[in-house]
Ligand SMILES: Nc1ncnc2c1ncn2[C@@H]1O[C@H](COP(=O)(O)OP(=O)(O)O)[C@@H](O)[C@H]1O
Ligand SMILES: [Mg+2]
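Chains as they are written, first to last, in the working numbering: chain A, 1 to 316; chain B, 317 to 556.
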């Protein structure tokens, strides 16, 4: 049956599916940052997408410093491997530190305030980040150096599978597996799950909830940093608004999967990636955003808890 | 009870939320090996008292001393490490962790894995139903099972003093009897207990001493059997 549908849609279906999967993995990494913070303190961190943007700018800056990119972001053809290695280490650290700092300075003092206060503050932080981005790199879209070539690895096949596709998969999948294992088996991971489910009980167990929250911001930030590097290397462009759209798509992914739910964020990310690429391919690029946001609205109406949303939510 | 210093001393405690003070110069003690109960109507401040002792709610004035050491202002996650554990009101089970994982969370402060495993086995001996349910999410247990899990979880840190907040709340009478039997048995093995209850009759029957809390103030305190036969208590709290 699939073959006949595929035949009707044309051979490009495979390329769209691959692009959707790869983009979806990127959304998933960002969605994890939204979902983990929401899971712990019920804050929709609207600045998360802009943190991702700053991570991309930081990576671009590193590439320029290392000499892998020129002042306009074009690849110089040198130091590519070194630059990628440095980015993959430094950008997550940068984003983690920034995210923890913002929590410390902005959200932590509002921990016991009404929910709306940190939410509005997060929108404020989003604008501050965006303006930092403008000061840093200006308002024009920039090149992100093509340090990983889009060379086709599967000539003669219907699908063009490039080094860039491979890079996204090779980086994002292990990160997600590691995160899953971390949350399931380490003491800090268990403390995070316990805190998300009942912060008061977590305190009574001897869990330092403030430290768990800081760790959550650090991990969410680091994932955004990884996503920023991989996105830059895959899309080869950056701009101060990149966090807004990508962030909203990732947020939609988190809601689709069930906000607060880690596997849900991954599933939602991949679905949004597929919907985006199939929608763009068959319906047209101008329908991409309306399509995604229509989905967000429909989920919020019919399934506010998302696909994998907390089914055993405790209620006293 | 000789001249040993009390295990827990709460001295002129004041606490509250926002503009409102809930506890007014509240003082109480728990001696080593005792079951002490605080009885009082809904909203009197019993839970606030326990949450202050555990370090979850901030004290505004007064002192709390545990095992000879001031714990005033010590954060909750450190209080547990000193040997003071609580089974909170409403049980506060981790709903999406299994029964066994809930017990493991109770031992979060410990690193002796063999000892933890032995204590989980002990918990299963105390409450056999928990062993049958050990792989189920805590959120799927019945109210009585959750209460057993909450007590067992609190014991996993090997406390010197166990705080119990309304362990009988919403449970069927035969389950309540079972829970109180366990409290009595734990005490026989040497556990000191501070028990908060609206079920004053059950609480006073199991306790050595009691305090009556009315709108944040201690209004009576005496041996439990004295309180049990005091006409004022009988009228106000035992429905006579
Ligand atoms: N988190 C809170 N915020 C504001 N007021 C609270 C809070 N918890 C309890 N109170 C108030 O404090 C008073 C004492 O409550 P509590 O300690 O729960 O009493 P009890 O456990 O005896 O029923 C009540 O008036 C209650 O409304
Ligand atoms: Mg109470």
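A virtual CB, placed ideally from N, CA and C, is assigned to each residue, including glycine.
Query	Result
Residues in the region 188-218 of chain A having any Cβ partner in chain B nearer than 9 Å	190, 191, 193, 194, 196, 197, 198, 200, 201, 202, 203, 204, 205, 206, 207, 208, 209, 210 and 211
Spatially closest choice to residue 516 of chain B from B/387, B/492 and B/456, by CA coordinates	B/492
Pair within 8 Å by beta-carbon distance, residue 386 of chain B and residue 470 of chain B	no
Beta-carbon contacts of residue 292 of chain A that lie in its chain and below 7 Å, excluding the five residues immediately before and after	249, 252, 272, 275 and 276
Distance cut-off 7 Å: residue 338 of chain B Cβ against heavy atoms of ligand 1	yes
Residue environment, residue 302 of chain A, which counts as buried when at least 16 other CB atoms sit within 10 Å	exposed
Contact set between residue 413 of chain B and chain A, taken where Cβ atoms lie within less than 9 Å	190, 193, 194 and 197
Alpha-carbon to alpha-carbon, residue 139 of chain A and residue 313 of chain A	Residue confidence for residue 313 of chain A is low, a pLDDT of 44 falling below 50, so the modelled location carries little weight; the figure read from the coordinates is stated next. One C-alpha to the other measures close to 44 Å.
Near-chain A residues of the region 418-444 of chain B (beta-carbon distance less than 7 Å), N- to C-terminal order	421, 422, 424 and 425
Proximity test, Cβ basis, 8 Å: residue 392 of chain B and chain A	yes
Inter-residue spacing [alpha-carbon to alpha-carbon] between residue 295 of chain A and residue 257 of chain A	12 Å
is_contact[residue 370 of chain B, chain A] using C-beta, thresh 8 Å	yes
Reference residue 497 of chain B; option with closest CA among B/486, B/523 and B/514	B/523
Cβ-heavy atom distance, residue 408 of chain B to ligand 2, below 7 Å	no
CB-CB length for residue 412 of chain B against residue 197 of chain A, believed under 8 Å	6 Å
Terminal residues of the beta strand (DSSP E) in which residue 157 of chain A lies	Note, residue 157 of chain A: premise wrong, no beta strand (DSSP E); not H, not E.
Residue closest to residue 405 of chain B, alpha-carbon to alpha-carbon, out of B/487, B/424 and B/351	B/487
Test: residue 475 of chain B CB closer than 8 Å to a CB of chain A	no
Contact under 8 Å by Cβ, residue 125 of chain A with residue 178 of chain A	no
Segments assigned alpha helix (DSSP H), at least 4 residues, entirely inside the region 324-378 of chain B	362-370
Residue interval of the beta strand (DSSP E) (run including residue 162 of chain A)	Careful: residue 162 of chain A lies outside any beta strand (DSSP E) and carries neither H nor E.
Residue burial classification, residue 430 of chain B (beta-carbon count within 10 angstroms, cutoff 16)	exposed
Reference residue 414 of chain B; option with closest CA among B/435, B/450, B/506 and B/541	B/450
Neighbourhood of residue 100 of chain A by C-beta distance below 8 Å, restricted to the same chain and skipping five residues each side	214, 217, 218 and 221
Test item: CB-CB of residue 162 of chain A and residue 153 of chain A under 8 Å	yes
C-beta neighbour in chain C for residue 338 of chain B, strict 8 Å	Absence of chain C from the displayed structure is noted, the protein chains being A and B.
Contact the region 258-265 of chain A vs the region 142-157 of chain A: 3+ CB pairs below 8 Å	no
Ligand 2 heavy atom lying under 7 Å from the CB of residue 405 of chain B	yes
Chain-ordered residues, beta carbon under 6 Å from a heavy atom of ligand 1	B/333, B/338, B/356, B/358, B/359, B/360, B/361, B/362, B/363 and B/364
Three CB pairs or more closer than 8 Å across the region 355-362 of chain B and the region 522-538 of chain B	yes
Beta-carbon spacing of residue 66 of chain A, residue 44 of chain A below 8 Å	no
Buried/exposed call for residue 334 of chain B, threshold 16 Cβ in 10 Å	exposed
Secondary structure of residue 320 of chain B, DSSP reduced to three states	coil
Chain-ordered neighbours of residue 397 of chain B on chain A, where CB pairs are closer than 8 Å	206
Simplified DSSP state of residue 558 of chain B, which is helix, strand or coil	Beyond the ends of chain B as shown, which are 317 and 556, falls residue 558 of chain B; an answer cannot be given.
Check whether residue 325 of chain A and residue 24 of chain A have beta carbons under 8 Å apart	This structure leaves residue 325 of chain A out entirely; chain A is present only between 1 and 316.
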